[in-house]
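When we follow the working numbering, the leftmost residue of the sequence shown carries the number 1, and every step to the right adds one. Comments concern the structure below.
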Amino acid sequence: MSNEQGAGLSNEESIPNLREALDKAKSDNSTLQEQFNQVSGELKGMKAKEVFRASGFQDSHAELFLKANPDAEINNDTVSEFVTSYNLSPQSAPVEQSAGLNDMGQVADNASPSVVGTPEGGKMTKEQYKKLQVSDPTAAHEALIQGKVEMRDDNYVANQTFNQ
């Protein structure tokens with residue numbers, strides 16, 4: 001009998017098999033650690049972009065922040081310190097979710113039925129709708145559903161769907 005089996009180890013528990021299992025476990029561990037680091041980095045990037053967008057800044061500013069401060073905590077205070085120290089300016093004012101819906105009340109005033117379908121009649125033009133769709137997609141969709149968007153006459157399906 002060999003010394004390994006004499007120590008009370010079965011063939012499956014032999015030292016070479018245990019070393020092989022340990023090496024495989026270390027390899028699996030390093031693979032999982034790499035995946036975790038990648039997902040963590042992506043999550044941190046998404047969080048940074050979200051905070052920067054909420055403050056009215058571009059995604060590229062968030063990427064710059066992450067490159068300059070890879071270990072920094074991402075919150076409104078660190079973002080404001082960063083944009084102040086690098087003298088960055090927002091791309092536009094921060095957009096509130098309900099701002100577009102509040103504007104809709106001003107656009108949709110159908111006081112004069114003789115001018116329905118025109119900007120004077122309270123319907124949005126295609127350009128106004130596109131701008132609202134970029135700034136607040138929810139309000140744009142609501143306006144479309146409520147029939148407050150000027151539709152082409154030859155678009156029968158959309159006219160029947162949204163003008164009912």
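By construction, the Cβ of each residue, glycine as well, lies at the ideal position given by its N, Cα and C atoms. Computed from a predicted structure; not experimentally measured.
Closest Cα partner of residue i within the set the options
i: Ala62; options: Gly147, Asn29 and Gly45; result: Gly45
i: Leu43; options: Lys26, Pro70 and Val134; result: Pro70
i: Glu50; options: Ser30, Asn75, Met151 and Met124; result: Asn75
i: Lys67; options: Lys24, Gly41 and Gly56; result: Gly41
Own chain, CB closer than 8 Å to residue i, minus 5 neighbours either side, in chain order
i: Gln58; result: Phe52 and Gln91
Backbone CA spacing between residue i and residue j [nearest angstrom]
i: Lys26; j: Leu32; result: 10 Å
i: Gly147; j: Lys130; result: 15 Å
i: Ala72; j: Asn29; result: 26 Å
i: Ser89; j: Glu20; result: 57 Å
i: Asn37; j: Asp77; result: 25 Å
i: Ser80; j: Met151; result: 43 Å
i: Asn11; j: Gln35; result: 34 Å
i: Gln128; j: Ser85; result: 36 Å
i: Val39; j: Thr138; result: 30 Å
i: Lys24; j: Ser60; result: 40 Å
Check whether residue i and residue j have beta carbons under 7 Å apart
i: Gln133; j: Ala143; result: no
i: Phe65; j: Ala48; result: yes
i: Val149; j: Met124; result: yes
DSSP three-state assignment for residue i, whether helix, strand or coil
i: Met151; result: coil
Sequence-distant residues of the same chain with beta carbon closer than 7 Å to residue i, five excluded per side
i: Asn17; result: none
i: Leu22; result: none
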